[in-house]
Amino acid sequence: MFERSKRGDKAILLSPHTPDGELEGEALDRLNEFKELATTAGAEIFGVLTSSRLNVEPKFYIGTGKAEELAQLVESNEADLVLVDASLSPVQERNLEKLVQARVLDRRTLILDIFSQRARSYEGQLQVELAQLKHMSTRLIRGWTHLERQKGGIGMRGPGETQLETDRRLLAVRMKSLNSKLEKVVRQREQGRRQRKKSGVKMIALVGYTNAGKSTLFNRLTDAEVYAQDQLFATLDPTVRQLESISGTKAVISDTVGFVRDLPHELVAAFRATLQEALDADLLLHVIDDANPEHRDHINEVNKVLFELKLKDVPMIEVYNKIDVSGAEPAWLKGHEGSADKVWLSAYSEEGIDLLMKAIEERVNRTHLTLDFSLPLSEARLRAQFYQADAVKNEAFDDAGNWLLTVDMAIEKWHQMAKADGSEGQFVAELLTQHDQAPKKDNFIGD
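Quick note on numbering: the numbering used here labels position 249 of the sequence shown as 291, and the sequence is numbered without any gaps.
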């Protein structure tokens, strides 16, 4: 084994998905993003090696020739770290380290390291540490290759085997402790969310690709002072503030962590807690960097994560930010009922902010439906379903003993209940029939 540098910031980047020669389009965007990830983690880039190999080699991930070229690049630049834009297996990582005589980190480990640096809240730190430990548990063996392991036979266990067993046990104990602490934090957050829902407060969540300008927009909408910089993952911990400008209703808005290509599965799982505000949101604001030529790819990446988090059915407004750079004009495109509205603005110069506020106000009112009706005692099961959804805002009794309910729910939830079998679905369907929900035509509104 080689002696690992304690600094580990003189880095060579390996981009195995990038073709050799002149870079353009998605390949260039991916390489630039990986460079940003490296610098965000604190690495100083001394060289970049690209490879167009399509097949993954089991030994080094890349071919033997490229691996030797990487080793020469590391030696000539006296680098002590190799960052690989791919997910390596423990064996591939160990083989590369042995060949290049430098520490090797894949994309997943790099992103986990950035999250570890940026997490500020107690909940965020717990989530990141848990994700790191899960990732580390698959790579324990590579740290002890210099020690003798089991030789076979009674009394023949070497010190390496003992150390591995000890490490696995310690990791398991720590992960169990972290899960317990996270469950407590999540329960506390859940109480706050349930209280907001019962009080009729609408919940809005900002989502989007990292560095799209979510935190800057959040500050403009709420006069908050959330950290906002032109860098990846500037904000990790969710922040919730009241949105004062929505007339006719109370609303809160939350800023969430940005997404990125090939997000580690460990962090997608952690996002389920971090993005719980978005999971319960009445409306999502998908912030998009309109000045980035690859923003269509970024939209697809965000939608992919939203699908994994089961957020694809939440009403959404697409917010095309940074028009002060792209040159677009402030505008609001109103789509068909159920489709995403689109707003073009600049959070930096505040152009188009008024259009976004109008879009939010209309969208919140459009996506929720409040009905007052009499519910017979025979429909007690339906009443229980309304309460289970935290949708009952008021309840009284008429002279016949029927329930007089005021129920507020997302239109999608009303439609879902109307499709249910039995008398409950029929009752809700009849209620909706009495309510006019004519679809709106496309309407483009300029500044």
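Note that beta-carbon positions come from the ideal geometry of N, C-alpha and C, so glycine has one too.
Between which residues of its own chain and residue 543 is the CB-CB distance below 8 Å, once the five residues before and five after are set aside? Any question about residue 543 goes unanswered here, given that the chain covers just 43 to 489.
Ignore the nearest five residues each way along the sequence and tell me which others in residue 412's own chain have a CB closer than 6 Å to its CB. 450
Excluding five sequence neighbours on each side, which residues of the same chain lie with their C-beta closer than 6 Å to the C-beta of residue 58? 93, 104 and 128
Taking the alpha-carbon positions, what's the residue 145 to residue 215 distance? Taken atom to atom, the span from the alpha-carbon of residue 145 to that of residue 215 is near 28 Å.
By the three-class DSSP mapping on this structure, what secondary structure does residue 293 have? Residue state, collapsed to three classes: strand.
If you draw a straight line from the C-alpha of residue 467 to the C-alpha of residue 297, how long is it? 36 Å
Are there three or more Cβ pairs, one per stretch, closer than 8 Å when the stretch 139-157 is compared with the stretch 102-117? Because the criterion of three Cβ pairs below 8 Å is met, the stretch 139-157 and the stretch 102-117 touch.
Cα separation between residue 122 and residue 455? 55 Å
Of the choices 246, 254, 89 and 425, whose alpha-carbon is the least far from that of residue 338? Among 246, 254, 89 and 425, the Cα nearest to that of residue 338 is on 254.
Whole-number beta carbon distance between residue 330 and residue 361, since they are thought to touch under 8 Å: 7 Å
Could you give the C-beta distance for residue 154 and residue 174, rounded to a whole number, given that I count them as a contact under 8 Å? 5 Å
According to DSSP, residues forming a beta bridge with residue 301: 251
Endpoints, the beta strand (DSSP E) within which residue 363 is located: Segment 358-363, the beta strand (DSSP E) holding residue 363.
According to the neighbour-count rule (16 or more other Cβ atoms, all chains shown, within 10 Å of its Cβ), is residue 222 buried or exposed? exposed
Would you mind working out which of 441, 464 and 407 sits nearest residue 424, comparing C-alpha positions? 464
What do you get for residue 219, buried or exposed, if any count of 16 or more other CB atoms within 10 angstroms of its CB means buried? With fewer than 16 other Cβ atoms within 10 Å, it is exposed.
In three-state terms, what does DSSP make of residue 57? strand
Considering Cα atoms alone, identify which of 98, 157, 159 and 83 is closest to residue 124. It is 83 whose Cα lies nearest to the Cα of residue 124.
What does the Cβ neighbour count give for residue 439, buried or exposed, with the cut at 16 atoms within 10 Å? exposed
Have a look at the DSSP bridge pairing and note the partners of residue 103. 99
Is there a Cβ from chain D that is less than 8 Å from the Cβ of residue 453? Here there is only one protein chain, and chain D is not present.
Helix, strand or coil: which one does DSSP assign to residue 477? Reduced to three states, the DSSP call for residue 477 is coil.
Quick one: grab the DSSP three-state call for residue 143. coil
Provide the residue(s) that pair with residue 92 in DSSP beta bridges, ordered along the chain. 57
On the premise that residue 243 lies in contact with residue 293, defined as a C-beta separation below 8 Å, what is that separation, rounded to the nearest angstrom? 7 Å
In this structure, how does DSSP classify residue 495 when only helix, strand and coil are distinguished? A query on residue 495 cannot be resolved here, the shown segment of the chain reaching from 43 to 489 and no further.
Reduced DSSP secondary structure (H/G/I, E/B, other) of residue 456: helix
Closest by C-alpha distance to residue 281, when choosing among 257, 302, 232 and 301: Ranking the options by Cα distance to residue 281, first place goes to 257.
List the residues that DSSP assigns as beta-bridge partners of residue 52. Paired residues: 86.
Quick check on residue 250: buried or exposed, where buried means 16 or more other Cβ atoms within 10 Å of its Cβ? Burial is judged here by how many other beta carbons sit within 10 angstroms of a residue's own beta carbon; residue 250 has at least 16 and is buried.
Rounded to whole angstroms, what's the CA-CA distance from residue 431 to residue 447? Just pull it up for me. As the crow flies, the alpha-carbon of residue 431 is around 14 Å from that of residue 447.
Pick out whichever of 89, 457 and 133 has its Cα sitting closest to the Cα of residue 117. 89
When 334, 224, 169 and 211 are compared against residue 75, the one with the closest alpha-carbon: 334
Compute the distance between the beta-carbons of residue 444 and residue 419, then report whether it is under 8 Å. yes
Check each candidate in 169, 98 and 390 and name the one with the smallest Cα separation from residue 263. 390
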